[in-house]
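The sequence shown begins at 489 in my numbering and counts up by one. Using N, Cα and C, we set each Cβ at its ideal position, and we do this for glycine too.
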Amino acid sequence: MQKTAVTAAAIAPALAERWSPRAFDATHTASQHELLSILEAGRWAPSANNMQPWRFSLATRGSELFDQIVGALTGFNQAWVPRASAVLVISIKNQRPDGEPYPIAMLDAGLTAQNMMIQTTELGLSAHPVAGMVHEDMRKVLDLADDLDPILLLAIGKVAPADTLEGPAYEREIQPRVRHELDDIVLHGKP
Ligand SMILES: Cc1cc2nc3c(=O)[nH]c(=O)nc-3n(C[C@H](O)[C@H](O)[C@H](O)COP(=O)(O)O)c2cc1C
Numbered sequence: 489m490q491k492t493a494v495t496a497a498a499i500a501p502a503l504a505e506r507w508s509p510r511a512f513d514a515t516h517t518a519s520q521h522e523l524l525s526i527l528e529a530g531r532w533a534p535s536a537n538n539m540q541p542w543r544f545s546l547a548t549r550g551s552e553l554f555d556q557i558v559g560a561l562t563g564f565n566q567a568w569v570p571r572a573s574a575v576l577v578i579s580i581k582n583q584r585p586d587g588e589p590y591p592i593a594m595l596d597a598g599l600t601a602q603n604m605m606i607q608t609t610e611l612g613l614s615a616h617p618v619a620g621m622v623h624e625d626m627r628k629v630l631d632l633a634d635d636l637d638p639i640l641l642l643a644i645g646k647v648a649p650a651d652t653l654e655g656p657a658y659e660r661e662i663q664p665r666v667r668h669e670l671d672d673i674v675l676h677g678k679p
């Protein structure tokens, strides 16, 4: 299935073609080179003061860690993430080196996640961002230090037909992608 964005002016193909599937091909395996490429894309994201507050945990389907990570997701996500070829959890530093809180790390996490999702699209694969997790469970599974918080998971894999899903996940899969109109979100200066 393709869900290319409808835009008033052309945008980069990987931006237009990226979407968040829940139907993944449970027989597909992501190559080591593809996974390395996705990690490199994340590493090269911009961050405030180049602090790079992100840490990545990668697990491929069939591994014990993959199952444990899926087990730390909320119920709805556990229904479809297991078919992904890999899961990648982004954790962020929750404080600056001087011990002060570091809320801007959340913004940096979004940038590294988007870099990885676009690279995944470039590879002909898909990445679905997932924030629905039980944070304390994920923290235990990943054995995170106190200064790291798990923030977002990317489910990475190859898209499968929508009818491989059931229930709410299937219903959401066949919905068209929608966005607010530019007129509604550009407060000033729309061309
Ligand atoms: C920060 C963030 C958290 C998300 N968490 C979930 C989630 O827990 N479960 C889920 O199925 N989708 C999740 N999504 C996917 C969004 O529902 C999806 O990106 C949105 O509906 C737009 O669809 P598109 O990505 O196909 O354009 C999340 C997306 C983002 C950016």
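DSSP lists 580 as the beta-bridge partner residues of residue 542.
No residue range can be given for residue 570, since it is assigned to no beta strand (DSSP E) and is classified by DSSP as neither H nor E. Per the Cβ contact rule, the region 545 to 557 is not in contact with the region 649 to 658 (fewer than 3 Cβ pairs under 8 Å). Taking C-beta atoms as the reference points, residue 643 and residue 619 fail to come closer than 9 Å.
In the DSSP assignment, residue 635 falls outside any alpha helix (DSSP H), carrying neither H nor E. Considering only 634, 670 and 598, the residue with the shortest C-alpha distance to residue 531 is 598.
Contact check for residue 525 against residue 611 passes: the beta carbons are separated by less than 9 Å. Rounded to whole angstroms, the separation of the alpha carbons of residue 655 and residue 528 is 36 Å.
Out of 513, 624 and 580, the CA that lies nearest to the CA of residue 561 is found in 624.
Within the same chain, Cβ atoms closer than 8 Å to the Cβ of residue 671 are found at 678, the five residues on either side in sequence being excluded.
Placement of the Cβ of residue 640 at a distance of less than 8 Å from at least one heavy atom of ligand 1 is found. Going by beta carbons, residue 534 and residue 580 fall outside the 9 Å limit. Beta-bridge pairing by DSSP links residue 615 to 644.
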